[in-house]
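First up is the structure itself, then whatever we jot down about it.
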Amino acid sequence: MSQKFKRPSSARRHIKLETFSSFVSGARLRKVQELLKSDDGDNKPDAILCIAGIDSRYHEGSTELIDYLLFGFFERRKAELEQSGYEEEVIDDIVDQIDLIVLIRRHEVDIYCNPVNYHYLLPYVAHWTNLRFHCLLDTEYEDDEAAEEFKIQSFVAMMLGVKKVGIPHNILGHPAKFDHMMVEKWPIIQAFALEDYKGGGFFTLQKKVVDVGPQLSEVYSQVDPCSLEVLLIEQMTQFERQWQTLIDNLDINISTGIDKLTEEKVCEPLWSYYKHGSVGSEDIGGKQRQPFVLCGTNSRRIVIDDVRSCRKSVNSEISKCGIDNEPSKFMVCHGISPRGPLCCTRTYFLNGGKIYVLFLL
Numbered sequence: 001m002s003q004k005f006k007r008p009s010s011a012r013r014h015i016k017l018e019t020f021s022s023f024v025s026g027a028r029l030r031k032v033q034e035l036l037k038s039d040d041g042d043n044k045p046d047a048i049l050c051i052a053g054i055d056s057r058y059h060e061g062s063t064e065l066i067d068y069l070l071f072g073f074f075e076r077r078k079a080e081l082e083q084s085g086y087e088e089e090v091i092d093d094i095v096d097q098i099d100l101i102v103l104i105r106r107h108e109v110d111i112y113c114n115p116v117n118y119h120y121l122l123p124y125v126a127h128w129t130n131l132r133f134h135c136l137l138d139t140e141y142e143d144d145e146a147a148e149e150f151k152i153q154s155f156v157a158m159m160l161g162v163k164k165v166g167i168p169h170n171i172l173g174h175p176a177k178f179d180h181m182m183v184e185k186w187p188i189i190q191a192f193a194l195e196d197y198k199g200g201g202f203f204t205l206q207k208k209v210v211d212v213g214p215q216l217s218e219v220y221s222q223v224d225p226c227s228l229e230v231l232l233i234e235q236m237t238q239f240e241r242q243w244q245t246l247i248d249n250l251d252i253n254i255s256t257g258i259d260k261l262t263e264e265k266v267c268e269p270l271w272s273y274y275k276h277g278s279v280g281s282e283d284i285g286g287k288q289r290q291p292f293v294l295c296g297t298n299s300r301r302i303v304i305d306d307v308r309s310c311r312k313s314v315n316s317e318i319s320k321c322g323i324d325n326e327p328s329k330f331m332v333c334h335g336i337s338p339r340g341p342l343c344c345t346r347t348y349f350l351n352g353g354k355i356y357v358l359f360l361l
């Protein structure tokens, strides 16, 4: 990494969230730490491990926890990073979270990162209690072999004394099956077993690995000032945009005739938004709640319950959903934010080429 580039400012003013504060940041960390062992009597993990980027094969659960603790830092700073003057591969390291390992214990935190990440991360974590950074100097990081050696040594040192380690495997709203042997496929975990680094052998033989995803999902669901700001300013805006697209498309189809218009076609904007935001989840098309549009006789309670719980799917033509196969006079639309708490159900009346909303849940 060349020294001629301007080092990024670590000033608080560069954090885009208006409601961000050291209090909110510390509160998020404490909520995560409360999931860990406090004495010898409980059965909780000793620590929670997050390995980001290629070193964990881009593990989604680790990314989600890091995003929670760093307030979506990487995505928010992407535009700024692209104008920072750093080389493209260095920017990719930051944006893709390469060279970032976070180990959270009950009363302390270890972070391994590269020199560029360090200055960008500092305003988000400097106020954390008992924080230790494992980071090379700029000149040392220019030697790729030495940098990789230091990363592995730092990881082994961070894990000393940890017997039971939690992995944030589940994604919020999308539980996934956990296999503790999965972590043995991660490059940094494989390096842990090499004799040169004195890790003591295979990681999963030395440590008991458990999934803390379900517990973390409850933590993520709790509202704080920053999560409320993101919900209202970002997620709500995206959600409303997709819903308006649904209405606009339906207006066009009604004005040109709805003979071949199906419920799935009407629901397409809500479904595409949900599916795109759920990329990486193992449960797409599974048992999780999903968006739907039901018209006329398909909107009976028994059908809604079956579709809502994914026990069955329905896709009828709107022109045949009414009583006696007549055109439907109304429809029920249900939309869900893929990774947030937003959920909306509306009933619309279809009459004379116009759409009327009945109520909002």
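Just so we're aligned, residue 1 is where the sequence shown starts under the UniProt record's numbering, counting upward by one.
Each residue gets a CB set at the ideal place from its N, CA and C atoms; glycine is no exception.
Going by Cα to Cα distance, which pick from Thr347, Thr345 and Ala176 is closest to Gly213?
Against the sequence shown, residue 213 aligns to sequence position 213. Considering only alpha carbons, the answer is Ala176.
Nearest neighbour of Arg289, chosen from Pro225, Pro338, Ile188 and Cys295 [CA to CA]:
Here residue 289 refers to the residue found at position 289 of the sequence shown. Nearest option by C-alpha distance: Pro338.
If you scan the stretch 184 to 220 from start to end, which runs of the alpha helix (DSSP H) of 4 or more residues do you find wholly inside it?
Taken in chain order, the whole alpha helix (DSSP H) runs of length 4 or more contained in the stretch 184 to 220 are 187 to 192, 203 to 206 and 213 to 220.
What is the residue span of the alpha helix (DSSP H) that Val125 lies within?
Taking the first residue of the sequence shown as position 1, residue 125 is located at position 125. For Val125, the enclosing alpha helix (DSSP H) stretches over residues Pro115 to Val125.
Expressed to the nearest angstrom, what Euclidean distance is found between the alpha-carbon atoms of Cys310 and Glu268?
As a position in the sequence shown, residue 310 is number 310, starting the count at 1. As a position in the sequence shown, residue 268 is number 268, starting the count at 1. When rounded, the distance between both Cα atoms is 17 Å.
If we call anything under 8 Å between Cβ atoms a contact, is Lys164 one with Asp46?
Reading the sequence shown from its first residue, position 164 is the one you call residue 164. Reading the sequence shown from its first residue, position 46 is the one you call residue 46. Yes, these two residues count as a Cβ contact at 8 Å.
So is Phe74 buried or exposed if we call it buried at 16+ other beta carbons inside 10 Å?
To locate residue 74, count along the sequence shown from 1; it is residue 74. Phe74 should be labelled buried.
Spatial neighbours of Gln215 in its chain, beta-carbon cut-off 6 Å, leaving aside the 5 residues before and after
What you label residue 215 is simply residue 215 of the sequence shown in a count that begins at 1. Once the five neighbours on either side are set aside, the close Cβ partners of Gln215 are Leu35.
What's the call for Asn117, buried or exposed, on a 16-neighbour Cβ count within 10 Å?
For the purposes of this step, residue 117 is identified with residue 117 of the sequence shown, where counting begins at 1. Buried is the call here.
Looking at the strands, I want to know which residues DSSP matches up with Lys164.
Within the sequence shown, numbered from 1, the residue matching residue 164 stands at position 164. Lys208.
Sort Gly166, Asn249 and Asp224 by Cα distance to Gly61 and report the nearest one.
To locate residue 61, count along the sequence shown from 1; it is residue 61. If we check each option's Cα against that of Gly61, Gly166 comes out closest.
Roughly how many angstroms separate the alpha carbons of Arg346 and Leu294, rounded to a whole number?
To locate residue 346, count along the sequence shown from 1; it is residue 346. To locate residue 294, count along the sequence shown from 1; it is residue 294. Rounded to whole angstroms, Arg346 to Leu294 spans 11 Å at the Cα level.
Using a Cβ-Cβ cut-off of 8 Å (strictly less than) and excluding sequence neighbours within five positions of Gln235, which residues of its own chain qualify?
One-based indexing of the sequence shown puts residue 235 at position 235. Excluding sequence neighbours, Gln235 sits near Ser337, Gly340 and Leu342.
Given a cut-off of 8 Å on the beta-carbon distance, is the pair Lys329 and Gly335 in contact?
Residue mapping note: residue 329 aligns to position 329 of the sequence shown, counting from 1. Residue mapping note: residue 335 aligns to position 335 of the sequence shown, counting from 1. No, they are not a contact pair.
Selection from Asp196, Ser316 and Pro225 that minimises the alpha carbon distance to Leu17:
Start at 1 with the first residue of the sequence shown, and residue 17 comes out as number 17. Leu17 has its Cα closest to that of Pro225, out of Asp196, Ser316 and Pro225.
Kindly indicate which three-state DSSP category Asp110 falls into: helix, strand or coil?
Position 110 of the sequence shown, counted from the first residue, corresponds to residue 110. Correct three-state label for Asp110: strand.
Using C-beta distances below 7 Å, list every residue in its chain close to Arg106, excluding the 5 sequence neighbours before and after it, in chain order.
Locating residue 106 in the sequence shown gives position 106, counting from the first residue. Taken in chain order, the residues that qualify are Gln33, Leu36, Lys37 and Ser38.
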